[in-house]
Each structure stands twice: as C-alpha cells, then as structure tokens.
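Notes follow the structure.
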Amino acid sequence: MSELAYLRDLVIILSFGVIIVTLFHRLRLPSIAGFIFSGLLVGPHGFGFISDAHQIEVLAEIGVALLLFGIGLELSLDKLRRLWRLIVVGGALQVGLTVCAAYAIARTFEIPGQSALFIGFVLALSSTAIVMRGLQQRGELDAPHGRLILGILVSQDFSVVPMMLAIPILVGDDIPASVYLNTMLRAVGIIIAVLAAALLIVPRILRFVARTRQRQLFILTVFLICIGTAWLITWSGASLAIGAFLAGLVVAGSEYRHQALADLIAFREVFASVFFVSIGMLLAPSLIVENIVLVLALLMAILIGKAVITFVAARLLRMPLRVCLMTAVALAQVGEFSFVLLFSVQGSDLIDKNLESSLVSAAILSMFVTPFAMSFGPRLAAGLGKLPRLRRLLDVDVAENATASVGGMRDHVIVGGYGFAGRELTKALRDHEVPLVVVDINIDNVKKASQEGAIAFFGDITSQSVLAKLGAECAGELVLLVNDPKAAEQAVRVARRLAPNLHIVVRTHYLLDIEPIISAGANQVVPSEREAAVEVTSLVLNRHQIDNRRIADLSNRIRSQSEDDV
Numbered sequence: 074m075s076e077l078a079y080l081r082d083l084v085i086i087l088s089f090g091v092i093i094v095t096l097f098h099r100l101r102l103p104s105i106a107g108f109i110f111s112g113l114l115v116g117p118h119g120f121g122f123i124s125d126a127h128q129i130e131v132l133a134e135i136g137v138a139l140l141l142f143g144i145g146l147e148l149s150l151d152k153l154r155r156l157w158r159l160i161v162v163g164g165a166l167q168v169g170l171t172v173c174a175a176y177a178i179a180r181t182f183e184i185p186g187q188s189a190l191f192i193g194f195v196l197a198l199s200s201t202a203i204v205m206r207g208l209q210q211r212g213e214l215d216a217p218h219g220r221l222i223l224g225i226l227v228s229q230d231f232s233v234v235p236m237m238l239a240i241p242i243l244v245g246d247d248i249p250a251s252v253y254l255n256t257m258l259r260a261v262g263i264i265i266a267v268l269a270a271a272l273l274i275v276p277r278i279l280r281f282v283a284r285t286r287q288r289q290l291f292i293l294t295v296f297l298i299c300i301g302t303a304w305l306i307t308w309s310g311a312s313l314a315i316g317a318f319l320a321g322l323v324v325a326g327s328e329y330r331h332q333a334l335a336d337l338i339a340f341r342e343v344f345a346s347v348f349f350v351s352i353g354m355l356l357a358p359s360l361i362v363e364n365i366v367l368v369l370a371l372l373m374a375i376l377i378g379k380a381v382i383t384f385v386a387a388r389l390l391r392m393p394l395r396v397c398l399m400t401a402v403a404l405a406q407v408g409e410f411s412f413v414l415l416f417s418v419q420g421s422d423l424i425d426k427n428l429e430s431s432l433v434s435a436a437i438l439s440m441f442v443t444p445f446a447m448s449f450g451p452r453l454a455a456g457l458g459k460l461p462r463l464r465r466l467l468d469v470d471v472a473e474n475a476t477a478s479v480g481g482m483r484d485h486v487i488v489g490g491y492g493f494a495g496r497e498l499t500k501a502l503r504d505h506e507v508p509l510v511v512v513d514i515n516i517d518n519v520k521k522a523s524q525e526g527a528i529a530f531f532g533d534i535t536s537q538s539v540l541a542k543l544g545a546e547c548a549g550e551l552v553l554l555v556n557d558p559k560a561a562e563q564a565v566r567v568a569r570r571l572a573p574n575l576h577i578v579v580r581t582h583y584l585l586d587i588e589p590i591i592s593a594g595a596n597q598v599v600p601s602e603r604e605a606a607v608e609v610t611s612l613v614l615n616r617h618q619i620d621n622r623r624i625a626d627l628s629n630r631i632r633s634q635s636e637d638d639v
C-alpha cells in the first residue's frame, strides 16, 4: 500500500491541523503557529505518525508555490513597479547589512570566512510564506509597512539565486569567474524570456479558455500557468516559489485575476497548511535540549539582530517610527529558503554539524514566534510612539516647517492620507475654499498633493508631534484615510488626547474595524465594505425600478446596522 502513503500522510496532517488550529483559535493564538505545532506532533520527533519529513516535501513545495502565486495575483507587475525603490534599496540594505553583521559576528567566534559568509546568507532571508500570510490575514498588505515588507521580501527571494550560485565557490569547488558570470547572465536571461513570453501568451490563453465557459478547464489552465511558468523559471536557478510568484504577477495583469484568485483559494489553503506543518516536522525537541544554550543564543541573536538591522534599513529609507517597528518585528525570523541553502551544503564541511542542527532549530523557533510577534507589533509601535525622546532621537516626526505654514489656520481640516479618497476630498474642500492641510508617509503622494496646489507634508499621522505641528489643537476636523486600521486607531487616540473637541472621521475597509476605532475616540467611522453594500444594492434596485424612497430607507437601514447585526 506504499502508493497510498501520500494520502495517508495528508489525512494525518489535515486531521491534526483541524484539531490543533481549532484549539489555537479558541485560545486566540495564530493559526500558522498551530500548523507548525501540528507538524511537531505528527513528525518523526513527536508521535512519529509521519516518520520521514521528506515524504511530504513535494506537497509542501506546491503549497509555497500556490501561496506566492496568490500573492502575485493580488499585486500585479504595475504595483510591483511602484515598489521598485523599496525592493532595490530597502532589500539591498536589509540583505547586505544582515550578511555583513552575521559574517563579522561569526568571525569573532573564529568560524572560517567561507562558513561565516554562508551563515550570513542563511540569516539574511525571512519567511515570505509566513509573513505574507500574516499580512493577508490582518488586511495589512496595502498598509505602509505592508508595502515595505513586501519590497524587502521580494528582494530577499531574488537574492537566493546568486546565493545558490555562490555555494560551489564557498565549499571550495574550483569554478572560474567566467562560468559564474555566464550562469548569472543565463539565469537573468531565462527569467526575462519566460516572463516576456508569458506576458504575451497568458492573457490570450485565458481569454480563449474563458470563452468556453468551462470552469474546470479554467481552473486547470490557471494551475498549468502557475506550475508550468514556475518550473520553467527553475531552469534559471530560482526556486519554484519565486517562479510561481512571477507567474501570479503575469496573470494579475489580465482581466481574469479575480476569478483565478477565487478558484485558487481553497487549494492554496490546503497546500499552504501542509507547508507550515512540514516546517514543524523538522523541529527536534531532543536536539534543542542537548544544545539549549546554543539554540537560545542563536534564537535571540536572530530575533534581536534581524529586528535591529531591519529597523536601521527602514530608517535609512526615511520611514516613520511605526513603519520601521512593524517591519522590523515582521522580518525578524529565518525564512524557508534558508533551509534550501542549508540542505544544499549537506555532505560538505562548509558548516559544523552541531552548529547546523542548532541553527535549524533556532530558525524554526523564530518562524514559530513570528505570528505572535506580528500580533504584538501594533502595541509595541503604539507604546514606543508615546516616548517623545525616542522620536526626537530618531528624528521620525518630520512634518518640517509645518508650524510656519499652518500657524495661522483655524478650523481647518487635516487630511491624513492622499490616496484616491484623500485626493477627491482635498479637491472638494479646495473647490469650496475650506482650509486644509495634507499629511502622508508616502513622499510621492506628498509631492503629488503639493503639485496639485495643496499644503502637504511628509509625516507620521500617529505622531503627537506631527499632529501638533499641523495645528490639531485648533483644527476643525481630522479625516483619516489610511489603509492600516491599527495606525488609524493609534492616530485617533493621539489626536483625542491632543485635541479633546476635535471632530474625527475615519475611513476603514471592514466592519470589524469600527468598534476599536470608535472606542479610541473617533466621531464617525465609514467602512468601505458597508458603503459598497449600499451602492450595489441601490444600483440593482434602481435597475428594477424600485421607488427611490424605499431604496433610501433600505440604504439607511444598511448603514444603521451594527457589527453584531452583520
């Protein structure tokens, strides 16, 4: 019955996953941590129901590929292009600083240079799967820290290719520099060729399949594009997951992205769960106990060291304190591609076996604590944000010269965020000669607002110093149009302390965000989810020639519903 081994393993994984994740949900613990813990229980170092973790490697790799394909679908090449500065500069800073720091520390412990550099490679990478899954669940992918995290993760994932190509040199193989250069050029050429072909062919294929109106055929085609493109890109030396991510970006450029994402979700969740379980299966409690001091030292070095380095990289990009902290907390772990690097040197003497096993244990533990750390991140940012000395020390308040520009304003409107809604609100206020000032932590948005004639400043709306410089104490209204609900909540608390009589309006995306923001002190919260329901209902009823008064009554009823009613 060996041919049913995969099915048996999958049944065990899903059974334990359902039980443990349900328990974690009851305890209000992150589901990803539950899956990793499930892996520990079912794996060779737990109850031993699955004696060999390699048996589910294929399923786990497909899980990561589908997870990153889904993330690519939600982004698109256009959106990624707008993140180029964060990818190129932010990623290079984070990876470069981490490799240098790890190399320097390893050399102080008399670890050979090649081994020290390899350790730097391993520690420079963070878990794209865990971090992006966490951002998705928290609705923070489009938040300022979400965009920075994404940019750094994309840069890290692409850096795996030159790292893998450097391993033969590190283990002592005599490879001429010309061969290494040719391999790099070949890798870049393959990626560009596959992406170019995919951009030309994929939309036509999807359009043809969609015309057949066969849902099964459409799902099969999406899977083929995902796995096929990913497989072709692996010829360049990149991982299957990176290839799947790029395939997702290609499909995202077509009009079928939403249908593809909807059809993919169920499969993605199952296979991604298998990946998280497979990580837990690598954890060996007995090895941790044997090397407890070394494992804990490595774990603390990873968590603290990577957090500090990531914070510094974010500050060098002139990011506000909250964004720096949230990014640092989210990326303070070792990633799944680090295991690819570690497994690729097995059988060589590049790294001491005892150090390798301890590094693997510390890496898995760092991944396990990541969901908890990401949940704690907003509270940490809010707490440290209350320390004015820290803000002054780091020079993160910004809004320079704001006091001089808005000093004479009274009853003005402070617009926090200059996206589509902020731009339209600003235009309407200016058309009616209402005094206003715009603040945003995206410097491009600030420049755009200034070019369009608004008084605009770069700054963190959650900072009391920034709000004070913008004249919050004598303002008539604060309108928050930011994509991060936790940042909006923090900004409301700060503004309410500074100006008890200030009228505060907050735009948020989901009904779940209403209660905490109202509790923080907002006067009104407008969830786009509810307004979309009102608009869609009105359009449909209008088409069916329902009386306008009845439509208005129904719209008012929808708006009056509480979160509990929904």
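Residue 74 is where the sequence shown starts when you use the numbering used here, and the numbers rise one by one after that.
Cβ coordinates follow ideal geometry from the N, Cα and C atoms, glycine included.
Round the Cβ separation of residue i and residue j to the nearest angstrom and send it over; I've been treating them as touching at under 8 Å.
i	j	result
Gly-164	Ser-104	With a Cβ gap of about 28 Å, Gly-164 and Ser-104 do not count as contacting.
Gly-219	Tyr-583	With 8 Å as the limit, Gly-219 and Tyr-583 do not qualify as a contact, their Cβ atoms being about 15 Å apart.
Ser-601	Arg-630	Their Cβ separation, rounded to whole angstroms, is 18 Å, which puts Ser-601 and Arg-630 out of contact at 8 Å.
Glu-409	Ala-175	Wrong, their Cβ atoms sit about 18 Å apart, outside the cutoff.
Leu-190	Leu-243	6 Å
Thr-302	Ala-325	With 8 Å as the limit, Thr-302 and Ala-325 do not qualify as a contact, their Cβ atoms being about 13 Å apart.
Leu-453	Leu-398	6 Å
Phe-318	Ile-109	Wrong, their Cβ atoms sit about 22 Å apart, outside the cutoff.
Can you tell me the Cα-Cα spacing of residue i and residue j, whole angstroms?
i	j	result
Ile-577	Pro-558	14 Å
Val-46	Val-347	Here the chain comprises residues numbered 74 to 639, so residue 46 is not present and cannot be evaluated.
Val-407	Leu-140	18 Å
Asp-470	Val-275	Its pLDDT being 45, under 50, Asp-470 is placed unreliably by the model, and the measurement read from it follows with that caveat. Each residue's Cα considered, the two are about 46 Å apart.
His-98	His-118	25 Å
Arg-496	Asp-230	35 Å
Asp-468	Ala-529	At Asp-468, the pLDDT of 48 sits below 50, so the modelled position is not reliable; the number obtained from the coordinates is stated separately. Going by the C-alpha atoms only, they are around 19 Å apart.
Pro-589	Ile-315	37 Å
Val-131	Val-486	56 Å
Ala-359	Gly-121	Checking the displayed sequence, the identity of residue 359 turns out to be Ser instead of Ala. If I take the Cα positions, the gap works out to 14 Å.
Ala-692	Ala-106	A query on residue 692 cannot be resolved here, the shown segment of the chain reaching from 74 to 639 and no further.
Met-74	Leu-80	Note that Met-74 scores a pLDDT of 47, beneath 50, so its modelled location is shaky and nothing firm can be said.
Arg-330	Leu-575	42 Å
Leu-356	Gly-116	8 Å
Ile-265	Trp-304	14 Å
Leu-268	Arg-259	14 Å
Ile-514	Glu-562	16 Å
Just verifying my parser: in three-state terms, what is the DSSP assignment at residue i?
i	result
Arg-483	coil
Glu-183	coil
Asp-626	helix
Asp-557	coil
Glu-604	helix
Thr-581	strand
Gln-618	coil
Lys-269	Here the sequence assigns Ala to residue 269, which means Lys is not the residue at that position. Residue state, collapsed to three classes: helix.
Glu-342	helix
Leu-509	strand
Gln-692	Residue 692 lies beyond the residue range present for the chain, which begins at 74 and ends at 639; the question has no answer from this structure.
Val-469	Because the pLDDT of Val-469 is 47, which lies under 50, any placement of that residue in the model is unreliable, and the number read from its coordinates should be weighed accordingly. Coil at Val-469, not helix or strand.
Glu-550	strand
Gln-597	strand
Gly-212	coil
Ala-529	strand
His-576	strand
Gly-489	strand
Glu-134	helix
Gln-332	helix
Arg-391	coil
Ala-541	helix
Val-244	coil
Cα-Cα, which of the options is closest to residue i?
i	options	result
Ala-403	Leu-198, Val-418, Arg-632	Leu-198
Asp-517	Gly-490, Gly-481, Leu-376	Gly-490
Phe-449	Thr-302, Arg-483, Asn-615, Ala-401	Ala-401
Ile-300	Leu-313, Arg-288, Phe-291	Leu-313
Gln-209	Glu-147, Val-362, Arg-569	Glu-147
Pro-217	Val-396, Ser-200, Cys-547, Val-507	Val-396
Met-482	Ala-545, Gly-136, Leu-571	Ala-545
Phe-349	Gly-112, Leu-394, Arg-616	Gly-112
Ser-188	Asp-425, Leu-334, Lys-379	Asp-425
Asp-504	Gly-492, Ala-527, Gln-597	Ala-527
Gly-549	Arg-569, Val-323, Arg-616, Glu-562	Arg-569
Check your understanding: Would the stretch 155–165 and the stretch 333–343 be scored as touching if the rule is three or more Cβ pairs under 8 Å?
Key -> no
Check your understanding: Any chance the stretch 362–382 sits against the stretch 438–445, with 3 or more Cβ pairs inside 8 Å?
Key -> yes
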